[in-house]
Amino acid sequence: MVIPDRIVELIEGEAFMQIATRSDDRWPAHAWVVGGRVHDDRRTVTVFIAAAAAQPNVANLEANGRIALGVALATHEAYQLKGSYVSSRPTTADDRARQEHYRAALLAGALAAGYPEPIARPFTLGFAYDPGIAITFRVDEAFLQTPGPAAGTPLT
Amino acid sequence: MGILPDNIKPAMQGVIPSHVVTCSAAGTPNASVISQVYYVDGDHVALSHQFFNKTKRNVEENPRAAVWLIHPETYEGWELHAEFERSETSGPVFDAMDMQIEAIASLVGMKGIFKLRAADVFRVISVKRGTGDRMPLAEIR
Chain A
1 MVIPDRIVEL
11 IEGEAFMQIA
21 TRSDDRWPAH
31 AWVVGGRVHD
41 DRRTVTVFIA
51 AAAAQPNVAN
61 LEANGRIALG
71 VALATHEAYQ
81 LKGSYVSSRP
91 TTADDRARQE
101 HYRAALLAGA
111 LAAGYPEPIA
121 RPFTLGFAYD
131 PGIAITFRVD
141 EAFLQTPGPA
151 AGTPLT
Chain B
1 MGILPDNIKP
11 AMQGVIPSHV
21 VTCSAAGTPN
31 ASVISQVYYV
41 DGDHVALSHQ
51 FFNKTKRNVE
61 ENPRAAVWLI
71 HPETYEGWEL
81 HAEFERSETS
91 GPVFDAMDMQ
101 IEAIASLVGM
111 KGIFKLRAAD
121 VFRVISVKRG
131 TGDRMPLAEI
141 R
């Protein structure tokens, strides 16, 4: 599917993001995402996670390919993408430059949403990212996840 | 004495939202932010169920969940692996969580939207302190 404009904006902006994967015996696994980008085809996403959090997620992806990406603002606006694994690799200097931009935006967004600086700063800047792993996946589905009765609505 | 250490309790105060990941019977993972992880006893936590959502449907199909928490003083990550046991819609755990959800909703401007439908009780299988995705506090800049 083509990723909606708003979700592209958030992935490349100031959203808190996390991935979910699962093992073959269906134990889920989690990792925080520190920055990401949507590719020109608007169907493929690369997200960056700490190398120390890569396992078991990368092993899960190599085994079964199933991934979800939660995308949420401090204001509670939230979305979820479901997709299929394409590849993973160590992050590059270009990725890290993108991550530095992301970290600054994440802190600014949390402060703008009203989080006190003594909480917002260590929380947003404390996500490990170097060394990192870039995970690329193709997006199959997107859902609204903002808390409320419409949460779970598929987006086209 | 259960599997949950006492020093995890501050991470369950709701200062910073927690995350829960689940997986459907068909094998599709799901990632969700959760308002509250409540310490029930040394072996159980309760997750706030506020909407009829994918997390709820998934744990009814496949009880396995991973819960990510952050300590509000050390900013360390903690991860629990847990299995869904039951939903409670009344009683002391539900009442305590309901009161806390009201307080969280007021703080974050979601009053009237955050409403507890059930306290979903999970048995904790494993606890991991230090999840690899957080820097030591002294290195954060």
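From first to last, the protein sequence lines stand for chains A and B.
If you read the first sequence in our numbering, its first letter stands for residue 1, the second for the next number, and so on.
If you read the second sequence in our numbering, its first letter stands for residue 1, the second for the next number, and so on.
Ideal Cβ placement from N, Cα and C applies to all residues, glycine included.
None of the values given here were measured: they were computed from a predicted structure.
Residue pairing by DSSP places B:F84 opposite B:F122 in a beta bridge. Here B:F84 really is in contact with B:F122; their C-beta atoms are around 5 Å apart, less than 8 Å. Not a single CB atom of chain B sits nearer than 8 Å to the CB of A:H101. With contacts defined by Cβ atoms closer than 8 Å, A:H30 and B:H19 form a contacting pair.
Short of 7 Å from the beta carbon of A:L125, and not among the five residues preceding or following it, lie these beta carbons of its own chain, in chain order: R103, L107. The beta-carbon distance between B:V37 and B:L47, rounded to whole angstroms, is 6 Å. This is short enough to meet the 8 Å contact definition. The C-beta separation of B:Y39 from B:M12 comes to about 5 Å, placing the pair in contact by the 8 Å criterion. A:A110 is the residue among A:P118, A:W27, A:A110 whose C-alpha sits nearest the C-alpha of A:T75.
In this structure, DSSP gives A:D24 a state outside helix and strand, which the three-state scheme calls coil. Here the stretch 61-77 of chain A lies against the stretch 13-31 of chain A, with 3 or more beta-carbon pairs under 8 Å apart. Put simply, the CB of B:N53 is near chain A, with a gap under 8 Å to one of its CB atoms.
DSSP lists B:A118 as the beta-bridge partner residues of B:H49. The three-state secondary structure of A:V2, taken from DSSP, is coil. Around the CB of B:S24, 16 or more other CB atoms lie within 10 Å, so the residue is classed as buried. One alpha carbon belongs to A:Q145, the other to A:T92, and they sit about 31 Å apart.
A distance below 6 Å between beta-carbons, with the five flanking residues on each side excluded, links B:R129 to the following residues of its chain, in chain order: W78. Using a C-beta cut-off of 8 Å, the stretch 41-52 of chain A makes no contact with the stretch 58-74 of chain B, since fewer than three inter-stretch Cβ pairs fall below that distance. DSSP, reduced to helix, strand and coil, places B:V20 within a strand of the structure shown. Not one beta carbon of chain A lies nearer than 8 Å to the beta carbon of B:Q13.
Our two residues, A:V139 and B:P92, have alpha carbons roughly 42 Å apart in a direct line.
Closest in C-alpha terms to A:M17, from the list B:D133, B:E139, B:R141, comes B:D133.
Collapsing the DSSP output to three states places A:R66 in a strand. Distances from the alpha-carbon of A:G148 to those of B:S90, B:A103, B:K111 put B:K111 closest. For A:A52, a Cβ of chain B is located within less than 8 Å of the residue's own Cβ. By DSSP's assignment, B:D41 forms a beta bridge with B:H44. Sixteen is the threshold: since fewer than 16 other Cβ atoms of the shown chains lie within 10 Å of the Cβ of A:E9, the residue is exposed.
When DSSP reads this structure, A:F143 sits in a beta bridge with A:Q80, A:P154.
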